[in-house]
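To start, the structure itself, in structure tokens.
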Amino acid sequence: MDKDGSKSEGSKILFDKLGKSAYIEKIKNDKKLLLTDTTMRDAHQSLLATRIRTYDLLKAAKPTEKYQKDLFSLEMWGGATYDVAYRFLKESPWRRLQKLREEIPSIMFQMLLRASNGVGYKNYPDNVIEEFTKESARQGIDVFRIFDSLNWVENMKTIY
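In terms of the UniProt record's numbering, the sequence shown opens at residue 1 and continues consecutively.
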């Protein structure tokens, strides 16, 4: 809820309405606390070896949309989720992203990106990371939280 008691639109709707640059300026000047829920990525990555299926996440999607609309973002992709979806769950992480977006249209989606490792376990060429990131954005990721295993700041800078 906003200060005046009205329901907020949701970060994704506002982001799409304002555009990237205006939205970034808005959040830089905003005095309220912006929260990200990492449950859909980190909870099962930390507790259950990332074995929660898309089917199970979709069961939580509607309540998430309804009760967490005021979130800045929902971190639900990246880290080990991409690899585990293919290798162990025999699911498409891209399809997961699309299905969750259908059920959660109001909240920005965030992913954890391992800098030059992307969502893998080795270094990839810059052009591979760049194209993967662009495709992730086209498929619905709004916020990229980037970290580098060696804390190399140059490796964590965005190019667009």
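All C-beta atoms in this analysis are idealised placements derived from N, C-alpha and C, irrespective of residue type, glycine included.
E25 and K31 have their alpha carbons spaced roughly 12 Å apart. Looking only at K99, T54, L74 and W94, the smallest Cα-Cα distance to M111 is reached by L74. The beta carbon of A61 is closer than 7 Å to those of L100, E103 and I104 in its chain, skipping five residues each way along the sequence. Between Q68 and Q98, the gap from beta carbon to beta carbon reaches 8 Å or more. Excluding the 5 residues flanking it on each side, A80 has same chain C-beta neighbours closer than 7 Å at Q45 and T50, in chain order. In this structure, R53 sits near L89, with a CB-CB distance shorter than 8 Å.
Shown here for I107: same chain residues with a beta carbon closer than 8 Å to its own, the five before and five after excluded, namely G10, S11, K12, T64, E65, Q68, K69, L71, S73 and L74 in chain order. The DSSP-derived three-state label of S11 is helix.
Given a length threshold of 4 residues, each whole run of the alpha helix (DSSP H) inside the segment 80-105 is given here in chain order: 81-87 and 93-103. I129 sits close to S116, with the two beta carbons spaced by under 8 Å. In this structure, the straight-line span from the alpha carbon of I27 to that of L35 is close to 12 Å.
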